[in-house]
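*Asks:* Take the sequence shown: its letter number 180 is residue 211 in our numbering, and every next letter is one higher.
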Amino acid sequence: MNTLPPLNTLRVFEAAGRLLSFNEAALELNLTPSAISHAIKSLEAYLGLALFDRPGRGVALTPEGKIYLTPVKDALTQLSNASGMLMRQSENHPLTISAAPALTIGWLMPRLARFQLAFPDIEVRLSSSADLVDLHRTDIDMAIRSGSGHWSGLASHFLMSEELVPVYKPGLLSDKGEALSNTESLKHAPLIHIMPTMGQWRSWLNALGIKHPDPEKGSKFESSAVAIEAAISGLGVALVPKAFVDEHLKAGRLEIPCGLEAPESYDFYVVYPSDQAEVPRIAAFRDWVLKEVE
Numbered sequence: 032m033n034t035l036p037p038l039n040t041l042r043v044f045e046a047a048g049r050l051l052s053f054n055e056a057a058l059e060l061n062l063t064p065s066a067i068s069h070a071i072k073s074l075e076a077y078l079g080l081a082l083f084d085r086p087g088r089g090v091a092l093t094p095e096g097k098i099y100l101t102p103v104k105d106a107l108t109q110l111s112n113a114s115g116m117l118m119r120q121s122e123n124h125p126l127t128i129s130a131a132p133a134l135t136i137g138w139l140m141p142r143l144a145r146f147q148l149a150f151p152d153i154e155v156r157l158s159s160s161a162d163l164v165d166l167h168r169t170d171i172d173m174a175i176r177s178g179s180g181h182w183s184g185l186a187s188h189f190l191m192s193e194e195l196v197p198v199y200k201p202g203l204l205s206d207k208g209e210a211l212s213n214t215e216s217l218k219h220a221p222l223i224h225i226m227p228t229m230g231q232w233r234s235w236l237n238a239l240g241i242k243h244p245d246p247e248k249g250s251k252f253e254s255s256a257v258a259i260e261a262a263i264s265g266l267g268v269a270l271v272p273k274a275f276v277d278e279h280l281k282a283g284r285l286e287i288p289c290g291l292e293a294p295e296s297y298d299f300y301v302v303y304p305s306d307q308a309e310v311p312r313i314a315a316f317r318d319w320v321l322k323e324v325e
């Protein structure tokens with residue numbers, strides 16, 4: 032006896048049960064609220080029990096609905112993951128790479144033309160995000176990450192270690208009107224901070240024995256990419272991994288103090304799901320990018 036309800040009704044139930052709103056479920060699934068209500072009634076009729084209470088204008092799961100929601104959600108997640116895995120293995124599927132915006136702009140994009148010349152049949156898409164994406168639950172194939180190199184379920188390959196360096200627009204002056212010629216001159220420099228790593232300037236300066244009067248003072252931005260643009264504009268000194276600003280340094284848009292011995296560095300890794308190692312487009316990019324840094 033087949034007891035499996037129509038799949039579309041399960042998708043509707045999962046969304047409505049998770050959001051506890053027929054209207055929000057309708058927006059998420061691009062359906063009308065009446066279509067959501069109809070699908071729920073159809074599923075309830077199929078099962079022979081109520082899944083939702085409808086007090087007033089809101090909705091709430093019945094005890095049976097609460098019990099049913101977890102296995103439905105798990106089953107749909109497994110279907111989505113399996114479908115995504117098969118799609119990623121398809122030779123016609125684009126190669127999607129995730130990296131932080133500043134790393135994407137400053138390091139990866141200037142090199143991509145060489146990859147495209149070597150592999151013209153592989154379509155590349157870049158997902159530029161500072162968030163740590165779940166490579167098992169998205170259509171993103173691989174990522175370049177900083178960290179320890181150990182992530183559950185992921186294969187990782189060491190890519191490079193990049194010094195954390197202070198960068199500023201040529202000609203920028205300290206708060207005392209002095210040229211920023213060496214690391215010692217940073218003690219009176221206007222600092223640019225990156226909000227997710229607040230406190231980084233203090234620890235970096237302390238490691239070099241530089242006494243800045245107020246290492247928490249200065250302009251604050253949400254991302255390295257914006258902080259770098261602020262430095263190019265002359266707002267102050269940004270502290271970022273050198274890979275993020277290589278092209279700006281070569282072009283003379285930014286400079287680093289003379290005689291710098293950076294006390295901190297970031298390790299970057301190429302990562303992808305362990306079971307995707309032999310997917311041709313993933314293997315091609317992995318092998319190519321590792322040769323880029325040899």
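Just so it is clear, CB atoms sit at the ideal spot from N, CA and C, and this is done for glycine as well.
Just so you know, these numbers come straight off a predicted model, no measurement behind them.
#1: In angstroms, rounded to a whole number, what distance separates the CA positions of Leu80 and Ser183?
#2: Which residue wins for smallest C-alpha separation from Pro37, given the options Ala57, Pro64, Ala76 and Thr135?
#3: Taking only beta-carbon atoms, is Tyr77 less than 8 Å away from chain D?
#4: Run through the DSSP bridge pairs and tell me what Ser205 is partnered with.
#5: Does the distance from the C-beta atom of Pro197 to that of Pro132 stay below 8 Å?
#6: Using 8 Å for Cβ pairs, my map puts Tyr300 next to Arg176. What's the rounded Cβ distance?
#7: On the DSSP bridge assignment, give the partners of Met191 in chain order.
#8: Based on Cα-Cα distance, which residue from Asp277, Ser159 and Phe252 lies nearest to Leu195?
#9: Could you check what DSSP says for Gly213 in three-state terms: helix, strand or coil?
#10: Does the distance from the CB of Ser73 to the CB of Phe53 come in under 8 Å?
#11: Measuring CB to CB, does His224 end up less than 8 Å from Gly249?
#12: So, at 6 Å on beta carbons, what are the nonlocal neighbours of Lys104 in its own chain, with the 5 sequence-adjacent residues on each side left out?
#13: Measuring alpha carbon to alpha carbon, tell me which residue in Asp172, Leu110, Tyr199 and Pro201 is nearest Ser187.
#14: Distance, Cα to Cα, Thr63 vs Ala70?
#15: Measure the C-alpha to C-alpha separation of Glu286 and Thr214 and round it to an integer number of angstroms.
*Replies:* So, from the listed chains and residues:
#1: Sequence index remark: in the sequence shown, residue 80 carries index 49 (1-based). Sequence index remark: in the sequence shown, residue 183 carries index 152 (1-based). Using only the alpha carbons, I get a separation of about 40 Å.
#2: Residue numbering aside, residue 37 sits at position 6 when the sequence shown is read from its first letter. Minimum Cα distance to Pro37 is reached at Ala76.
#3: This model lacks chain D altogether; it includes just one protein chain.
#4: Taking the first residue of the sequence shown as position 1, residue 205 is located at position 174. In the DSSP output, where bridge partners are listed per residue, Ser205 has none listed.
#5: Numbered from its first residue, the sequence shown carries residue 197 at position 166. Numbered from its first residue, the sequence shown carries residue 132 at position 101. No.
#6: Numbered from 1 along the sequence shown, position 269 holds the residue referred to as residue 300. Numbered from 1 along the sequence shown, position 145 holds the residue referred to as residue 176. Contact holds; Cβ gap of about 6 Å.
#7: The residue you call residue 191 lines up with position 160 of the sequence shown. For Met191, the pairing in a beta bridge is given by DSSP as Phe299.
#8: For the purposes of this step, residue 195 is identified with residue 164 of the sequence shown, where counting begins at 1. Of the candidates Asp277, Ser159 and Phe252, the one whose C-alpha sits nearest the C-alpha of Leu195 is Asp277.
#9: On the sequence shown, position 182 is the one that residue 213 refers to. Residue 213 is actually Asn in this sequence, not Gly. Here Asn213 sits in strand by DSSP.
#10: Taking the first residue of the sequence shown as 1, we reach residue 73 at position 42. Taking the first residue of the sequence shown as 1, we reach residue 53 at position 22. Their beta carbons are not under 8 Å apart, which means Ser73 does not touch Phe53 by this criterion.
#11: The residue you call residue 224 lines up with position 193 of the sequence shown. The residue you call residue 249 lines up with position 218 of the sequence shown. For the 8 Å CB-CB criterion, His224 and Gly249 form a contact.
#12: For this step, residue 104 is matched to residue 73 along the sequence shown. Contacts found: Glu45.
#13: Position 156 of the sequence shown, counted from the first residue, corresponds to residue 187. Checking every option, the nearest Cα to that of Ser187 belongs to Asp172.
#14: In the sequence shown, residue 63 corresponds to position 32, counting from 1. In the sequence shown, residue 70 corresponds to position 39, counting from 1. Spanning the two alpha carbons is a distance of roughly 11 Å.
#15: Position 255 of the sequence shown, counting from 1, holds the residue named residue 286. Position 183 of the sequence shown, counting from 1, holds the residue named residue 214. Roughly 12 Å between the two C-alpha positions.
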